[in-house]
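Q: So the number in the working numbering is just where the residue sits in the sequence shown, counting from 1, plus 1184.
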Amino acid sequence: MTTDVIEAPAVDEGNDLATFGYKQQLHRKMGRFASFAAGFSFISVLTAVFQLAGLGFSFGGPAFVWTWPVVLGGQLLVAACFAELAARYPLSGAIYQWSSRLANPTYGWFAGWIMIVGQIVVMTSAAIALQVVLPQVWSGFQLVGGDPSPTSTSGVHNAILLAGILMALTTIINIIGIRLMALINNIGVVSEITGAIAIIVLLIAHGGRSGDVLVTTGSVGHAGYFGALLCASFTAAYVLVGFDSASEMSEETRNARRIAPRTTLRALSAAGVLGFGIIVAMVLAAPSLTDGKLADQGPAYVVATVLSGTTGKILLTMVAIAICVATLAIQTAGSRMLFSMARDRRTLFHGVLSYVPRRTGTPAAAAIAIGLSATAVLLLNLGPQAAFVAMESTCIIIIYLAYLMVTGAMLVKRLRGQRIFNADAVDDDGHRAFSMGRAGVWLNAAAVAYGVAMFVNLIWPRQSIYDPTGGHWYLQYFPLMFTGGTIVVGALIYAAVHATPNPLKLRQWTLAPSVE
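#1: Note down, in chain order, each residue of its chain lying with its Cβ closer than 7 Å to the Cβ of L1345, except the 5 sequence neighbours on either side.
#2: Spell out a yes or no on whether the region 1245–1259 and the region 1500–1516 are touching, meaning 3 or more CB-CB pairs, one atom from each, closer than 8 Å.
#3: Between the C-alpha atoms of K1477 and V1590, what's the straight-line distance to the nearest angstrom?
#4: Is the beta carbon of Q1303 sitting closer than 8 Å to the one on N1342?
#5: Just to confirm my understanding: we take T1378, look at its own chain, exclude 5 residues before and 5 after, and list those with CB closer than 8 Å. What are they?
#6: Do three or more CB pairs link the region 1641–1661 to the region 1482–1498 at distances below 8 Å?
#7: For the alpha helix (DSSP H) containing L1647, list its first residue and its last residue.
#8: Run through the DSSP bridge pairs and tell me what R1616 is partnered with.
#9: Any heavy atom of the ligand PLP closer than 7 Å to the CB of P1332?
#10: Would T1335 be called buried (16 or more neighbouring beta carbons within 10 Å of its own) or exposed?
#11: Output the residue ranges of the alpha helix (DSSP H) runs that lie fully inside the region 1240–1293 and measure 4 residues or longer, sorted by chain position.
#12: What is the DSSP secondary structure of M1214, counted as helix, strand or coil?
#13: Can you list, in chain order, the residues of its chain with a C-beta nearer than 6 Å to that of L1201? Leave out the 5 residues immediately preceding and following it.
#14: Relative to the alpha-carbon of Q1602, which residue among A1287, G1655, L1387 has its alpha-carbon at the smallest distance?
#15: Starting from I1514 and walking both ways along the alpha helix (DSSP H), at which residues does that stretch end?
#16: Could you say which of I1462, T1516, A1510 lies nearest to I1388 if we only look at CA atoms?
#17: May I ask you to report which of helix, strand or coil DSSP gives H1682?
#18: Keeping to the same chain, check which residues put their C-beta closer than 6 Å to that of T1694; ignore five residues upstream and five downstream.
#19: What would DSSP say about T1653, mapped onto helix, strand or coil?
#20: How many Å lie between V1423 and L1599 at the Cα?
#21: Could you tell me which residues DSSP puts in a beta bridge with T1437?
#22: Are the beta-carbon atoms belonging to Y1539 and A1549 less than 8 Å from one another?
#23: Since I1443 and R1216 are thought to touch, with beta carbons under 8 Å apart, how far apart are those beta carbons, to the nearest angstrom?
#24: How should T1474 be labelled, buried or exposed, when 16 other C-beta atoms within 10 angstroms of its C-beta is the threshold for buried?
#25: Does the contact criterion of 3 or more C-beta pairs under 8 Å hold for the region 1351–1367 versus the region 1477–1492?
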C-alpha cells in the first residue's frame, strides 16, 4: 500500500495557489485514491451505521431502509455543488473559503466556526464508539471494571480511556505528516470497504427473510407513519456527512482542481451504496425483529449473533479499524479548517495555529488544538451521560447548517444573476472544470430545499429523539440551545479576534480569480 502519490500536473499548483494570495506551505503528497479516502473515511460507513442503524429501525421498522436513498439523493445534490466549488477554489478550509467568497468574510467566518465545532464533537463521537466494538473482540480491551456496556459506569470510564488513547495517537500521526496519515488512511479505507462488502454478503447469505419484509413497518402503525419515517431518516442523515473532507485536503492533493470534485462525489456514492447494503442485510439477517435487540444494538448484535466465532470477530476488528481511521480523518479535516482560518489571521493565536514546519508540511499546532478540544468534550462523559448523548446527537445538525450556508449563498448569487463560475474554467490538466452545466441553478435550488428540510427535521425538539425517558426537559430542546449557543460563543470569539491589534488587513477576497 502506498500513499498514492502521482506525477505533478502541467500546472504549477504553487503558482495556482498564489493567485488566491497564499503560498504553498502544506506538502502535496496525495493522489486520487488518497483524496477519495479522505472523504470516505470521514463518513466511515461502518462506524456510523453500527452506531446508528438501530435508531432508524426503532422508529420506522424494516421500511426505514428506504429513508437512506432519499437522504443520499439529497446529499448528492449538496456534493455536486461542492464539487463545482472545489474545481474553482482548491483550498484548505473549504467550507470557510467557499462561503467567504460566495457571501462575505464575516459570513464565511461563522460557517467555518460552526464546521469546526461540529468536527470536534463528531471526532469525539467516533472515538468513543470503540467501546461498542473492542470488548466484543477481546475482553482484555475492557481495561476498567468488568461491565463493557456503554451505559454502565465502568463502560463509560473504559470508553473515555480507549477514546483518549486513540485521539492521542491520531494527533501524533497528524503531527508527523501527510504521508503517514495518507498511508494509514488508505489502508484503513481498503479494510473498511472489504469489511463492509463481507458483512453485506455474509449477512444476506445467512438471512432468513425475503425482501418483502423491507416494505413492512414492523410494530409501527401506519397511522402517522410519515412522522416515524422522518425520525428514522436520522440514521442516514447522521451517517452521510463529511464528504467535503476530500476538498478540505485540496492543498495537499496533486491535480486538486480535477481530483477533489470527483473524489468528493465518489466518496459519498460509495459510502451511500455500502451503507444501504449493510442496513438491508441487517434487517434480512437479524435473528428477531421484535425482541428489541436490533433497535438497541443495531448491526453489531446481528454480526455477533449470526456470524459468531472467528468470522464475527474479524469483521468487528474491521469495524474497529474503521473507527480509528475515521477519528484520524475527522481530526485532519478539522485541523485544515482551523489552519485555513488562522492563516487569514481570523482566529485567536493565529500565529501559532497557522504555523507549518517545513519538514513535515502539516499544521501541527492546529491538529493539537483540535485533539485537545475533542478530549475536553470527551471528558463530559464523566458528568450526566444524557448531556453527552444530546451533544453527540446535535453535532450533525450544525454541520448541516454549515453546508446550507454554502449552498444557500451559492444559490443567492445565481438568482441575482451574479457571476459564480467562469464559463471557460479549466482544471490542472487543461480539461474543462467540473460543472453542473445549465441545470446548475435547479440542482443548487434542490440542494438548498433539501438542506432546509433536513435541518428543520433534525433540529425539531422531539422528545422521542432527544429525551426518550422524559427525565430532563432541557434535553428535548438541546438541539436548539446547542445550535444557538454555538453561534453566540462564535460571536464572542469573532469580536475578540477583531478586537486584537492586527498589522495586516484581512484577506481581500477579490484576489481570487473571477468566477461566474
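C-beta: ideal position from N, C-alpha, C; glycine also.
A: Looking at the coordinates:
#1: L1327, V1328
#2: no
#3: 40 Å
#4: no
#5: M1502
#6: no
#7: Reading off the sequence, residue 1647 comes out as Gln, not Leu. Unbroken alpha helix (DSSP H) run through Q1647: 1647–1650.
#8: V1610
#9: Questions concerning the ligand PLP fall outside what the structure shown contains, since it holds no ligand whatsoever.
#10: exposed
#11: DSSP runs (the alpha helix (DSSP H)) wholly in the region 1240–1293: 1251–1272, 1278–1286.
#12: If DSSP states are grouped into helix, strand and coil, M1214 belongs with the strands.
#13: Q1208
#14: A1287
#15: 1494–1527
#16: When only C-alpha atoms are compared, the closest one is I1462.
#17: Residue state, collapsed to three classes: helix.
#18: Low confidence applies here, because T1694 scores a pLDDT of 39, under 50, leaving its location unreliable and the question unanswered by this model.
#19: coil
#20: 31 Å
#21: M1214
#22: yes
#23: The distance from the Cβ of I1443 to that of R1216 is about 5 Å, consistent with a contact at the 8 Å cut-off.
#24: T1474 counts as exposed, since fewer than 16 other C-beta atoms from the protein chains shown sit within 10 angstroms of its C-beta.
#25: Fewer than three beta-carbon pairs drawn from the region 1351–1367 and the region 1477–1492 are found closer than 8 Å, and the two stretches are therefore not classed as touching.
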